[in-house]
Structures are given as C-alpha cells and as structure tokens.
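**Q** Quick one: structure below, then a few questions.
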C-alpha cells in the first residue's frame, strides 16, 4: 500500500511540474511539498520512525531542526548579499 | 563471552546495538545530503540564470519507481525472516539487489548520454551539482548492494547459528536501504522537476 501511494505521489509531482499554469515558484513549492509528504511516508510507515524508541524520535527531531537551518540559510544569505553566480 | 544487546534491547535507548548504530549513522548521512541540498539552494538562488528541464524526466521517473519497488521487496525480505521463511527471504533480498542494479544501470545510461552530449560537470554549475548529488547517491546504492550481497553470500551463515541476530541485521540494512529511497525522493524533484 505504501509503495503504491509513493508511486502515485511521484507521478503527481511529475504531473504538477509539467503544468505551466501554476507558475515557476508555486509549481516548485507544490512539487517539493508532494516530495515532503512522500518522504514523510517513507520515514513513518516504511522506516517506522514512530514505532521506534524515544531516542530515535528525539534524534529525528534534532536532525529536522538542523536540516531546516541548512536549507533556509542559503536563501536568506543570498537575499542579503544578492546574486553572485 | 557473548556481546550483550545484539538481540535484546538496551534499557536506556530501547534499541539493540545494530539498530542504535544504524540510526546514528543515518542521522549523519542525512546531514551529508542536507549539506549538498544546501549547496544546491545557494547556487540556484545565487545564479542569474538556472537551466531547467535539462534532464530526462521519463527515465528518472522509471528509476524512482524501481527504487520504491526495491524498498518494498526489502520490507518483504525482512518480514519473511520474521515468519521463519528462509527461501522467501532469499527471493526478496535477491530481488532487491536486482532492482538496485537496474537503478544503477539506468543511471549509468543517463550519464553516458550526458557525456556524449558534452554535458560534463565542468559545463556549468547545474551539471556540477547534478553529477555531485546523483553520484553520491549512487555510491550509497553501491554500498547497500555490497552489504546485501554479503548477506546473500557468506553472511547468511549467521541464520543457522543465531537467527534472531541475523533478522536484526537484515532489519538494519533495510533501514539503510529505505533511507537511500528517502533521499532519492528529494533528489529526483530537485534536479529533474524544478
């Protein structure tokens, strides 16, 4: 079931990316949100992150916080310094 | 002397040794890929022009489906051991290896086509990050396949001696393999769809 749901989400992401009406930014956001749901399903249902001990849950939470920082920082940095590449 | 907590869980973490180790390892691997994603975001948002739709979406979608399928066969391989079905476990683990090899084969085909078209890492920043992200991911696939082949080969002897510990090891490699699938779920849209 999880595999089928993942396949459906993947195809949905491909479809959304091919649809031009959403615009570049909104389309990109939609695609990455679908990917986040897809990845969340892998983490929760396939890897069983919620079934594991509290140690794993805390580790996952810590990693999420660090990732959020790593992903947000470049966009903020560029907005401060301007495009350079 | 028997090493403790190879089967029973530790009271402090609630995990057996291999699972504790693999979760910590996966956390470090997520940070590795997060660093690469961060580089991608920095390069893309910092560029004046970023090439789009340069990569074969159809082929990559097929590859994504193959990796998802391999994740499912990996679950089946572990579940078969839990039900004490050795033959079924071997079939599904072998299928997982086969699907992983197909994924690598398709990836190599893509690389060959890019190289033939002169699309090397030196061409522009997009191809530099494309090759970096996908090659690092492919190396992780290779690593996982090596471990699985070990458990199909000489490592399978542990099943006769200590079946519960062997099942735990398969669970651990299964977690690693799902992580590899998890990473591709983000790499695929980032490079191919945006």
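Protein chains in written order, with the working numbering: chain G, 1 to 85; chain Y, 86 to 279. Where a beta carbon is used, it is the ideal one built from N, C-alpha and C, also for glycine.
Which residue marks the beginning of the alpha helix (DSSP H) containing residue 191/Y, and which one marks its end?
**A** Start and end: 171-201.
**Q** Which whole-angstrom value is the C-beta distance of residue 71/G and residue 119/Y, which I expect to be below 8 Å?
**A** Indeed they touch by this definition, with Cβ atoms about 7 Å apart.
**Q** Grab the span of the alpha helix (DSSP H) containing residue 97/Y for me, first residue to last.
**A** Note, residue 97/Y: premise wrong, no alpha helix (DSSP H); not H, not E.
**Q** Using the beta-carbon count (16 or more within 10 Å), is residue 152/Y buried or exposed?
**A** Buried is the call here.
**Q** Taking DSSP as the reference, what is the three-state secondary structure of residue 266/Y?
**A** Residue 266/Y falls in the helix class under three-state DSSP.
**Q** Just verifying my parser: in three-state terms, what is the DSSP assignment at residue 134/Y?
**A** In this structure, residue 134/Y counts as coil in the three-state DSSP scheme.
**Q** For the segment 108-129 of chain Y, which residues have a beta carbon sitting closer than 7 Å to at least one beta carbon of chain G?
**A** Against chain G - using a Cβ distance shorter than 7 Å - the residues of the segment 108-129 of chain Y are 108, 112, 115, 116, 119, 120, 122, 123, 126, 127, 128.
**Q** Output needed in chain order: residues of the segment 145-158 of chain Y with a Cβ under 7 Å from some Cβ in chain G.
**A** Within the segment 145-158 of chain Y, the residues whose Cβ lies closer than 7 Å to some Cβ of chain G are 146, 149, 150, 153, 154, 156, 157, listed in chain order.
**Q** Whether or not the segment 253-262 of chain Y and the segment 199-210 of chain Y are in contact is what I'm after, with contact meaning three or more pairs of Cβ atoms, one per stretch, closer than 8 Å; do they touch?
**A** No: fewer than three Cβ pairs fall under 8 Å.
**Q** Check the Cβ of residue 274/Y against every Cβ in chain G and list those closer than 8 Å, keeping chain order.
**A** Those are 13, 17, 31, 32, 34, 35, listed as they occur along chain G.
**Q** Using the Cβ count rule (16 or more neighbours within 10 Å means buried), how would you classify residue 58/G?
**A** Looking at its Cβ environment, which holds fewer than 16 other Cβ atoms inside 10 Å, residue 58/G is exposed.
**Q** Mind listing the chain G neighbours of residue 99/Y? Cutoff is C-beta to C-beta under 9 Å, in chain order.
**A** Neighbours of residue 99/Y on chain G, chain order: 52, 53, 54, 55, 56.
**Q** Quick check: the Cα distance between residue 112/Y and residue 122/Y, rounded to an integer number of angstroms?
**A** Whole-angstrom Cα-Cα distance: 15 Å.
**Q** Beta carbon of residue 261/Y, beta carbon of residue 140/Y: below 8 Å?
**A** Against a cut-off of 8 Å, the Cβ pair of residue 140/Y and residue 261/Y comes out as no contact.
**Q** If you follow the alpha helix (DSSP H) that residue 88/Y is in, where does it begin and where does it stop?
**A** From DSSP, residue 88/Y is part of no alpha helix (DSSP H); its letter is neither H nor E.
**Q** Note down the Cα distance separating residue 48/G from residue 263/Y, rounded to an integer number of angstroms.
**A** Between residue 48/G and residue 263/Y, the C-alpha separation is close to 10 Å.
**Q** Could you check the C-alpha separation between residue 125/Y and residue 43/G for me, to the nearest Å?
**A** Spanning the two alpha carbons is a distance of roughly 23 Å.
**Q** Would residue 270/Y count as contacting chain G if we go by Cβ distances under 8 Å?
**A** Judged by the 8 Å Cβ criterion, residue 270/Y is in contact with chain G.
**Q** Suppose only complete runs of 4+ residues qualify. What are the alpha helix (DSSP H) ranges in the segment 101-157 of chain Y, listed by chain order?
**A** Counting whole runs of 4 or more residues, the segment 101-157 of chain Y contains the alpha helix (DSSP H) stretches 102-130.
**Q** Among 90/Y, 135/Y, 168/Y, 178/Y, whose alpha-carbon lies nearest the alpha-carbon of residue 156/Y?
**A** Out of 90/Y, 135/Y, 168/Y, 178/Y, 178/Y has the C-alpha closest to the C-alpha of residue 156/Y.
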